[in-house]
Structure formats: structure tokens, C-alpha cells
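My numbering numbers the first residue of the sequence shown as 7 and each following residue consecutively. Glycine included, each C-beta is placed from N, C-alpha and C at the ideal position. The structure presented is a predicted model; accordingly, all values stated were derived computationally and were not measured.
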Amino acid sequence: MPAVFFCEKRFGAIFVSAKIGSSPFFFSSMGARLSRYVAGASCFACGAAHDPGTLLGVCTVCGMPLRIDYDIPAIRLTLADLADRPPTLWRYRELLPLRQGDEVSLAEGYTPLLAVEPGVWVK
């Protein structure tokens with residue numbers, strides 16, 4: 007069954023919803039809630055600049071993936087800072103595009119590799 011995605015901008019944020027068959031559902035939102043360390047978004051391949059608050063995954067010029075550009079000098083993060091944080095993806099929050107406080111987690115991260123047979127490991 008095909009999915010149709012809708013984007014709209016409300017209250018300074020991008021809202022994305024989807025409709026699969028006849029059942030609409032809320033998919034995700036982002037926009038004005040970006041990290042203060044996000045400096046922009048650009049294409050890996052051609053370097054075209056994009057608005058980081060616009061929900062895009064690929065370049066509108068060449069169709070290649072986008073990257074989030076950060077103000078690295080403004081991030082004052084030390085190994086000691088990381089050591090004191092919980093062992094989750096969010097310990098690196100300064101290097102993630104979402105603003106602190108907008109974290110959503112299912113307790114993922116630091117999950118072990120399990121041996122299921124010789125030479126085969128499952129995460």
C-alpha cells in the first residue's frame with residue numbers, strides 16, 4: 007500500500023504527516039527546535055547550501071545526501087564531560103541536530119553484540 011507524505015510549516019516548525027491507505031497518522035516534526043550548534047546543511051557531493059530547518063534528506067540540486075554542518079569551535083566538549091553522561095546516543099547531544107530537551111529514547115545504545123554461532127554476531 008503506497009504512503010503519501012505531507013509537509014507544512016506551522017508555528018515556526020516543519021510538520022510531516024503521512025497517509026497510508028485511508029488512515030492518516032502523524033509522522034514527525036522538526037524545524038525551530040534545532041540545536042544552537044547547527045550552522046547549516048549542505049550537500050556532500052556538490053556543496054549546495056540548504057536550510058537546516060527544512061525537512062530534506064537529499065540535495066534539491068543533485069539528489070545526493072545532505073549533511074548537517076556544526077559550529078565546531080562553539081562546542082566545548084571534553085572526554086570528562088562524556089564520561090559523566092549516561093551511556094546513550096544522547097551523550098553526544100552537541101553533535102546531534104536536535105535541541106537539548108527534545109530527546110526521545112527507547113533506552114537504545116550500548117547494546118551488546120551476541121554470538122549466535124561461530125563467526126556470527128547479532129546486535
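- Arg-73 has Ser-48 as its beta-bridge partners, per DSSP.
- Per the Cβ contact rule, the segment 42–59 is in contact with the segment 70–80 (3 or more Cβ pairs under 8 Å).
- Taken through DSSP and simplified to helix, strand or coil, Ala-54 comes out as coil.
- According to DSSP, Val-128 shares a beta bridge with Leu-120.
- The shortest CA-to-CA distance from Ser-111 to any of Arg-97, Gly-59, Leu-101 is the one to Arg-97.
- Annotation for Asp-90: no alpha helix (DSSP H) segment contains it, and DSSP assigns it neither H nor E.
- Our two residues, Leu-88 and Val-128, have alpha carbons roughly 26 Å apart in a direct line.
- When DSSP states are grouped into helix, strand and coil, Leu-83 belongs to the coil group.
- Within its own chain, the residues whose Cβ lies closer than 8 Å to the Cβ of Gln-106, once the five positions on either side in sequence are excluded, are Ser-41, Arg-99, listed in chain order.
- In this structure, the beta-carbon distance from Asp-77 to Ala-54 does not fall below 8 Å.
- Ala-86 and Pro-103 have their C-alpha atoms spaced approximately 22 Å apart.
- Counting of Cβ neighbours within 10 angstroms places Cys-65 among the buried residues, the total reaching 16 or more.
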